[in-house]
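Asker: Got a structure for you, questions after.
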């Protein structure tokens, strides 16, 4: 077997979580019989994992491996988690070995996971490169706009791609959006109510549409102000004004940010830029798994009738 993937993110997902997800994906794809498995039987085969999207970031190795481990196959990785796959049109990425029917049983769930995770990690890496090129001090972040049932993998892929995951879920941090404020009556009341529950252990973020709302949120005790759907120039002016008045405040820019225009939002007074497009509409990386044909000459030897 090859050495384990070395990216630090691989240690963040517990083994029992990998096993649970692998079993759920396999059960979804094969809820009862696998008629096609009859065609191939259980002879040992080797399949090559091929990447057909050059310059992609490999992400999702632990999930891919967990699926094949669950069906009794082994995976030898040629590239490690987080590595950039080369410029060739087709790149050998890993080798999977095991019973033919088991290998084909795990093929699609494993490929789906790897393609999606690698696509997200690749986009994240590209965004990080833009931020670095502009000498920006802050954090590029994802959002909670994830695929239902697949959030853990998508958040994990953000880690591999080098961006912040933002909050995991509603329990991870308090984010008071416009609907919370309207339902509470005011930003001040919303922050007060949230603080009474979360105490000191969670940050409170408030979505604001103006500098005045930002000041109200900051005075009420918010830790993070999200300036939502601001134009870049308006964002710079508002962020600077809030920072000058509340130096410890974190400023997040969100809404309308894309890979094409993200550089315009990288203000020196903005600490976080979050993008829903990290997960929504993100291209996948093209992987395929090709079972190798057995050596015809060896087949003739093994298939010869036995002579007493």
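In my numbering, the protein residues as written are 1 to 308. Every residue gets a Cβ at the ideal spot worked out from N, C-alpha and C, and that includes glycine.
#1: Using only the alpha-carbon positions, how far apart do residue 60 and residue 283 sit?
#2: Please report the residue range of the alpha helix (DSSP H) in which residue 196 lies.
#3: Alpha carbons only, please: which of 210, 16 and 116 is nearest the one belonging to residue 187?
#4: With a threshold of 16 other CB atoms inside 10 Å of the CB of residue 137, please say whether the residue is buried or exposed.
#5: Within its chain, find whatever has a CB closer than 6 Å to the CB of residue 51; leave out the 5 residues flanking it on each side and keep chain order.
#6: Which runs of the alpha helix (DSSP H) spanning at least 4 residues fall entirely within the region 27-77, listed in chain order?
#7: Sort 63, 101 and 58 by Cα distance to residue 72 and report the nearest one.
#8: Please state whether the Cβ-Cβ distance between residue 267 and residue 236 is less than 7 Å.
#9: If you drop the 5 nearest sequence neighbours on each side, which residues of the same chain put their C-beta closer than 8 Å to that of residue 292?
#10: Alpha carbon to alpha carbon, how far is residue 197 from residue 254? Give it in angstroms, no decimals.
#11: Pop quiz: residue 98 and residue 74 are said to be a contact at Cβ under 8 Å. What is the actual Cβ separation, rounded to whole angstroms?
#12: Based on the DSSP output, what are the partners of residue 99 in its beta bridges?
#13: For residue 284, name the three-state secondary structure that DSSP assigns.
#14: For the pair the region 105-116 and the region 125-144, tell me if three or more CB-CB distances fall below 8 Å.
#15: Give me the residue from 261, 149 and 250 with the minimum Cα distance to residue 233.
#16: Determine the burial state of residue 43: buried for a count of at least 16 other Cβ atoms within 10 Å of its Cβ, exposed for fewer.
#17: Going by the CB atoms, is the gap between residue 160 and residue 110 shorter than 7 Å?
#18: Starting from residue 254, follow the beta strand (DSSP E) in both directions and report where the run begins and ends.
#19: Which full runs of the alpha helix (DSSP H) of 4+ residues lie inside the region 103-180, going along the chain?
#20: Near residue 79, what residues of its chain come up, given a Cβ to Cβ distance below 7 Å and the 5 sequence neighbours on each side ignored?
#21: Which residue comes first and which comes last in the beta strand (DSSP E) that contains residue 237?
#22: Quick one: grab the DSSP three-state call for residue 298.
#23: Please state the DSSP three-state secondary structure of residue 227.
#24: Going straight from the alpha carbon of residue 55 to that of residue 81, what length do you get?
#25: Please name the residue in 221, 205, 149 and 213 whose C-alpha comes closest to that of residue 192.
#26: Give the DSSP-derived three-state secondary structure of residue 278 in the structure shown.
#27: Smallest Cα separation from residue 22: which of 177, 67 and 11?
#28: Using the three-state DSSP reduction, which class does residue 292 fall into: helix, strand or coil?
Answerer: Short version:
#1: By 1-based counting over the chain shown, the position of residue 60 is 60. By 1-based counting over the chain shown, the position of residue 283 is 283. Rounded to whole angstroms, residue 60 to residue 283 spans 15 Å at the Cα level.
#2: Locating residue 196 in the chain shown gives position 196, where the first residue counts as 1. In the DSSP assignment, residue 196 falls within the unbroken alpha helix (DSSP H) covering 187-198.
#3: Locating residue 187 in the chain shown gives position 187, counting from the first residue. The shortest C-alpha separation from residue 187 is found at 210.
#4: Numbered from 1 along the chain shown, position 137 holds the residue referred to as residue 137. Exposed, because fewer than 16 other Cβ atoms sit within 10 Å of the Cβ of residue 137.
#5: Position 51 of the chain shown, counted from the first residue, corresponds to residue 51. Once the five neighbours on either side are set aside, the close Cβ partners of residue 51 are 85, 91, 93 and 287.
#6: Complete alpha helix (DSSP H) runs here, min 4: 37-40 and 61-70.
#7: Walking along the chain shown from the start, residue 72 turns up at place 72. For residue 72, the closest C-alpha among the options 63, 101 and 58 is that of 101.
#8: Locating residue 267 in the chain shown gives position 267, counting from the first residue. Locating residue 236 in the chain shown gives position 236, counting from the first residue. Remark: C-beta atoms of residue 267 and residue 236 approach each other more closely than 7 Å.
#9: Counting from 1 along the chain shown, the entry for residue 292 is found at position 292. Scanning its chain for C-beta atoms nearer than 8 Å, with the 5 sequence neighbours on each side dropped, one finds around residue 292 the residues 45, 46, 47 and 48, in chain order.
#10: For the purposes of this step, residue 254 is identified with residue 254 of the chain shown, where counting begins at 1. For the purposes of this step, residue 197 is identified with residue 197 of the chain shown, where counting begins at 1. Near 26 Å, if we compare the C-alpha coordinates of residue 197 and residue 254.
#11: Taking the first residue of the chain shown as position 1, residue 98 is located at position 98. Taking the first residue of the chain shown as position 1, residue 74 is located at position 74. For residue 98 against residue 74, the beta-carbon gap comes to about 6 Å, under 8 Å, which counts as contact.
#12: Your numbering for residue 99 matches position 99 in the chain shown. Per DSSP, 44.
#13: Taking the first residue of the chain shown as position 1, residue 284 is located at position 284. Coil.
#14: No, the region 105-116 is not in contact with the region 125-144.
#15: Counting from one through the chain shown, the residue named residue 233 turns up at place 233. Closest by alpha carbon: 261.
#16: One-based indexing of the chain shown puts residue 43 at position 43. Burial call: exposed.
#17: Stepping through the chain shown from its first residue, residue 110 is reached at position 110. Stepping through the chain shown from its first residue, residue 160 is reached at position 160. Taking the C-beta atoms as reference points, residue 160 is found no nearer than 7 Å to residue 110.
#18: Taking the chain shown and counting its residues from 1, the one referred to as residue 254 is at position 254. Segment 250-254, the beta strand (DSSP E) holding residue 254.
#19: Counting only runs of 4 or more, we get 151-161.
#20: Counting from one through the chain shown, the residue named residue 79 turns up at place 79. 58, 85 and 93, listed in sequence order.
#21: Along the chain shown, one-based indexing puts residue 237 at 237. In the DSSP assignment, residue 237 falls outside any beta strand (DSSP E) and within the unbroken alpha helix (DSSP H) covering 232-245.
#22: Indexing the chain shown from 1 puts residue 298 at position 298. Per-residue confidence for residue 298 stands at a pLDDT of 46, beneath the threshold of 50, marking its modelled position as unreliable; the derived number appears in the next sentence. Helix, per DSSP.
#23: Numbered from 1 along the chain shown, position 227 holds the residue referred to as residue 227. Three-state DSSP puts residue 227 in a strand.
#24: Position 55 of the chain shown, counting from 1, holds the residue named residue 55. Position 81 of the chain shown, counting from 1, holds the residue named residue 81. For residue 55 and residue 81, the distance between alpha carbons rounds to 14 Å.
#25: As a first step, residue 192 must be located in the chain shown, where it is residue number 192. For residue 192, the closest C-alpha among the options 221, 205, 149 and 213 is that of 221.
#26: Sequence index remark: in the chain shown, residue 278 carries index 278 (1-based). Secondary structure of residue 278 (DSSP, three-state): helix.
#27: By one-based count along the chain shown, residue 22 stands at place 22. Closest by alpha carbon: 67.
#28: For the purposes of this step, residue 292 is identified with residue 292 of the chain shown, where counting begins at 1. The answer is coil: DSSP assigns residue 292 none of H, G, I, E or B.
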